[in-house]
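Colleague: Just so you know, we're using numbering that gives the first Met the number 0 here: the sequence shown kicks off at 0 and counts up by one. Ideal placement from N, C-alpha and C gives every residue a C-beta, glycine not left out. Bear in mind that the values here come from a model prediction, so they are computed numbers and not experimental data. For reference, the structure I am asking about is given below.
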Amino acid sequence: MKRMVTKPVLACLAAALLIVVCLALTRTRLEAQPRGKAIYDKHCTECHGASGKGDGPGAFYVAPRPRDFSTGRYKIRSTETGSVPTDDDLIRSVRQGLYGTAMPAWDRILSDTDIQDVVAYVKSMSPQFATPPKLVDPGEGTPSSPDSISRGVQVYEKLQCSKCHGTDGRGTGAVATEFQDDWKQPLPAADLTQPWSFRGGATSRDIYLRFRTGMAGTPMPSFVDAASDKDMWDLANYVVSLARKPVWSMTAQEVTDHFARQDAEAKANPVKRGEYLVNTIGCVLCHSPIDQERRMLPGMRLAGGVLFRIEPYGDFPTGNITSDKETGLGNWTDDEIKRVITKGTLRDGTRLLPFPMDYASFATMKPSDIDAIVAYLRTVPPVSNRVPAPRFRFFPSYMWGKFKLLILGDDPPIAIFPGNAGAVGGQR
Ligand code: HEC
Ligand code: HEC
Ligand code: HEC
Numbered sequence: 000m001k002r003m004v005t006k007p008v009l010a011c012l013a014a015a016l017l018i019v020v021c022l023a024l025t026r027t028r029l030e031a032q033p034r035g036k037a038i039y040d041k042h043c044t045e046c047h048g049a050s051g052k053g054d055g056p057g058a059f060y061v062a063p064r065p066r067d068f069s070t071g072r073y074k075i076r077s078t079e080t081g082s083v084p085t086d087d088d089l090i091r092s093v094r095q096g097l098y099g100t101a102m103p104a105w106d107r108i109l110s111d112t113d114i115q116d117v118v119a120y121v122k123s124m125s126p127q128f129a130t131p132p133k134l135v136d137p138g139e140g141t142p143s144s145p146d147s148i149s150r151g152v153q154v155y156e157k158l159q160c161s162k163c164h165g166t167d168g169r170g171t172g173a174v175a176t177e178f179q180d181d182w183k184q185p186l187p188a189a190d191l192t193q194p195w196s197f198r199g200g201a202t203s204r205d206i207y208l209r210f211r212t213g214m215a216g217t218p219m220p221s222f223v224d225a226a227s228d229k230d231m232w233d234l235a236n237y238v239v240s241l242a243r244k245p246v247w248s249m250t251a252q253e254v255t256d257h258f259a260r261q262d263a264e265a266k267a268n269p270v271k272r273g274e275y276l277v278n279t280i281g282c283v284l285c286h287s288p289i290d291q292e293r294r295m296l297p298g299m300r301l302a303g304g305v306l307f308r309i310e311p312y313g314d315f316p317t318g319n320i321t322s323d324k325e326t327g328l329g330n331w332t333d334d335e336i337k338r339v340i341t342k343g344t345l346r347d348g349t350r351l352l353p354f355p356m357d358y359a360s361f362a363t364m365k366p367s368d369i370d371a372i373v374a375y376l377r378t379v380p381p382v383s384n385r386v387p388a389p390r391f392r393f394f395p396s397y398m399w400g401k402f403k404l405l406i407l408g409d410d411p412p413i414a415i416f417p418g419n420a421g422a423v424g425g426q427r
């Protein structure tokens, strides 16, 4: 009797178990994509954009720009030119980030499964992945030695790496060092003495793969047909040997010399220095209008018109700081521009509040850096956008606002509005 009951029960249990296992298997397969999408939406859209076109809100403020995943073009590959990367290539890029760029390392934030799922989702954004990757076989490689390195010097000359990287790896004597990538964004040739800035890592294998396969989307070509594999390994060893000492292992004197040289370079090229400062200390962020999704309006870089409402003081649309003569800084003198940046006094004598533009801290910059900012602003292409003057509140409404803020605990005092508070073309 007992046995008779146990048998069907066991059979049922086994069947149920089978169903559960099958369900779990199909679910994990089905779920990889939604999981990958969820991770993507949470961590990647800010830069790579909701549809993966590389146009998230953060994209407009970083160089190089985040990858456009719809094209299937990748820099860091262990695969032939024109081929998509392997899963391992992508996983590695996501895990460790792309050095020297805004692309962060995700290994401390995402688990291995998370990274696999998000990579699967990224791949689904480009039809190119339908064709399987064509692997490169890097072989054994050549261990580094003085002999290999001196052979590498000759390969460097033969392949004319110096045309873009200079005879010393840092641009000296190069034909050109400033390029554009396929997305029309500025891209300097790597400084080969600073291996920590190599996107794909700095071992001889990494370096071998970069010029063996090329960096898709950039002017950095593939040299597969120009040299033998052995030559390319010698070259990789030579590039590794070019690394300069990083600052943290320099002696005091070396640090002094290093920064003196950097300083001299900055002074020799103020426009470049100014561009760097304007990009990094927030001028672009505040002086370029944005849309509802916080993406910079096309063609409006530095054209002003971002409305800051500061309670209870009033409305402060940021000025047009392009070189436009009518509506920008084209007709301002150097001193007038410097006076705003360091003292907060506009051309007509209006005194700005010490926020949002923190001119007091800008005033602590070296005079040569302030000159550099002005020199760069002169070169920013003109955009006609007439921005209204700041509007301070009338005294009674200012007092009422102050009362609401301090006594009634009103909303936070600064609001930033999307859209352009100015008038493109100058008419109002
Ligand atoms: C803060 C901005 C930022 C965020 C957030 C970000 N990325 Fe990136 N990512 C970049 C930039 C910038 C590049 C391009 C770097 C370059 O071209 O050298 C890039 C490039 C890549 C590449 C291309 C590597 C190659 O070989 O060309 C992959 C893959 C990638 N990101 C995946 C991701 C994933 C997945 C996430 C989310 C987990 C993510 N990124 C989040 C900025 C970001
Ligand atoms: C036409 C110009 C050009 C030539 C020629 C050229 N490069 Fe480059 N190289 C570039 C550019 C541009 C980059 C920057 C790519 C980037 O940042 O995405 C680069 C980047 C690199 C990097 C950094 C890789 C990384 O992971 O970021 C190395 C290493 C390198 N080049 C080595 C070489 C060697 C060695 C040669 C000669 C065989 C060479 N390059 C020839 C333009 C060039
Ligand atoms: C936190 C936001 C913020 C940052 C960062 C910022 N500004 Fe401003 N800026 C403003 C606001 C707000 C005004 C005042 C509105 C106005 O100009 O009428 C202003 C005004 C100006 C003006 C006067 C323009 C005019 O037409 O009246 C200049 C020039 C200027 N900023 C240059 C700069 C430069 C250069 C930097 C970077 C060094 C910078 N700003 C950084 C918010 C900012």
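With distance defined between alpha-carbon atoms, name the residue in P142, I75, A374 nearest to A265.
Modeller: A265 has its Cα closest to that of A374, out of P142, I75, A374.
Colleague: Report the partner residues of L134 according to the DSSP bridge assignment.
Modeller: According to DSSP, which records beta bridges pairwise, L134 is partnered with T78.
Colleague: Helix, strand or coil, according to DSSP, for T25 in the structure here?
Modeller: Confidence in T25 is poor, its pLDDT being 48 and thus under 50, which makes the residue's placement unreliable; the coordinate value appears in the next sentence. Residue state, collapsed to three classes: helix.
Colleague: Quick check on the burial criterion: 16 or more other C-beta atoms within 10 angstroms. Buried or exposed for N236?
Modeller: With 16 or more other Cβ atoms within 10 Å, it is buried.
Colleague: What residues in its chain sit with their C-beta under 6 Å from that of G151, if we drop five residues either side in the sequence?
Modeller: Taken in chain order, the residues that qualify are D233, L234, N236, Y237.
Colleague: How is Q179 classed by DSSP in three states: helix, strand or coil?
Modeller: Looking at Q179 - three-state DSSP - the assignment turns out to be strand.
Colleague: So, for N419: in the same chain, excluding its five sequence neighbours on each side, which residues have a beta-carbon less than 6 Å away from its beta-carbon?
Modeller: P288, G304.
Colleague: What would DSSP say about P412, mapped onto helix, strand or coil?
Modeller: Coil.
Colleague: Excluding the five sequence neighbours on either side, which residues of its own chain have a C-beta within less than 8 Å of the C-beta of K342, listed in chain order?
Modeller: The answer, listed in chain order, is Y358, A362.
Colleague: Given that a residue counts as buried once 16 or more other Cβ atoms are within 10 Å of its Cβ, and exposed if not, what is A414?
Modeller: A414 should be labelled exposed.
Colleague: Rounded to whole angstroms, what's the CA-CA distance from G199 to Y312? Just pull it up for me.
Modeller: Their Cα atoms are separated by approximately 49 Å.
Colleague: Does DSSP classify T202 as helix, strand or coil?
Modeller: Note: T202 maps to coil in three-state DSSP.
Colleague: Can you give me the Cβ contacts of T25 inside the same chain, cut-off strictly under 6 Å, excluding the 5 residues immediately before and after it?
Modeller: In this prediction, T25 scores a pLDDT of 48, lower than 50, which makes its location untrustworthy; the coordinate-derived value is nonetheless stated afterwards. Nothing listed; no residue qualifies.
Colleague: Report the option in L407, R209, T202 whose CA atom is closest to the CA atom of A188.
Modeller: Of the listed residues, the one whose Cα sits closest to A188 is R209.
Colleague: Quick one: what does DSSP say P187 is sitting in, helix, strand or coil?
Modeller: Strand at P187.
Colleague: Taking 7 Å as the cut-off, is the beta-carbon of V238 closer than that to any non-hydrogen atom of ligand 2?
Modeller: For ligand 2, at least one heavy atom lies less than 7 Å from the Cβ of V238.
Colleague: Can you give me the C-alpha to C-alpha distance between P366 and V277, rounded to a whole angstrom?
Modeller: Going by the C-alpha atoms only, they are around 15 Å apart.
Colleague: Buried or exposed: M398, going by 16 or more other Cβ atoms within 10 Å of its Cβ?
Modeller: M398 should be labelled exposed.
Colleague: Taking C-beta to C-beta, are L158 and A242 nearer than 8 Å?
Modeller: Their beta carbons are not under 8 Å apart, which means L158 does not touch A242 by this criterion.
Colleague: Which value, in whole angstroms, describes the spacing of the CA atoms of Q252 and V246?
Modeller: In a straight line, the C-alpha of Q252 is about 11 Å away from that of V246.
Colleague: Any heavy atom of ligand 3 inside 7 Å of the beta-carbon of T378?
Modeller: No, the Cβ of T378 stays beyond 7 Å of every heavy atom of ligand 3.
Colleague: Return yes when the C-beta of C163 is under 7 Å from any heavy atom of ligand 2, and no when it is not.
Modeller: Because some heavy atom of ligand 2 lies under 7 Å away, the Cβ of C163 counts as near it: yes.
Colleague: Tell me whether the region 188-197 and the region 266-273 touch, counting them as touching only if at least three CB pairs, one residue from each stretch, are closer than 8 Å.
Modeller: Short answer: they don't touch.
Colleague: Flag T317 as yes when its Cβ comes closer than 7 Å to any non-hydrogen atom of ligand 3, and as no otherwise.
Modeller: The answer is yes for T317.
Colleague: Regarding L186 and ligand 2, is the C-beta to nearest heavy atom distance less than 7 Å?
Modeller: Yes; taking the cut-off as 7 Å, the Cβ of L186 has a heavy atom of ligand 2 nearer than that.
Colleague: To which residues of the same chain is F354 closer than 8 Å at the C-beta, ignoring the five residues directly before and after it?
Modeller: Hits under 8 Å: I309, I413.
Colleague: List the endpoints of the continuous alpha helix (DSSP H) containing I340.
Modeller: That run of the alpha helix (DSSP H) goes 333-342.
Colleague: Does the contact criterion of 3 or more C-beta pairs under 8 Å hold for the region 171-189 versus the region 58-67?
Modeller: Cβ pair count under 8 Å is three or more, so yes.
Colleague: Three or more beta-carbon pairs under 8 Å between the region 32-42 and the region 107-125, yes or no?
Modeller: Yes, since at least three Cβ pairs between the region 32-42 and the region 107-125 fall closer than 8 Å, the two stretches touch.
Colleague: For the alpha helix (DSSP H) containing F354, list its first residue and its last residue.
Modeller: First-last for F354: undefined, no H or E at that position.
Colleague: Sorry if obvious, but does the Cβ on C160 come closer than 7 Å to a heavy atom of ligand 2?
Modeller: Yes, the Cβ of C160 comes within 7 Å of a heavy atom of ligand 2.
Colleague: Cα-Cα, which of D368, A58, M299 is closest to P380?
Modeller: Here the closest residue by C-alpha is M299.
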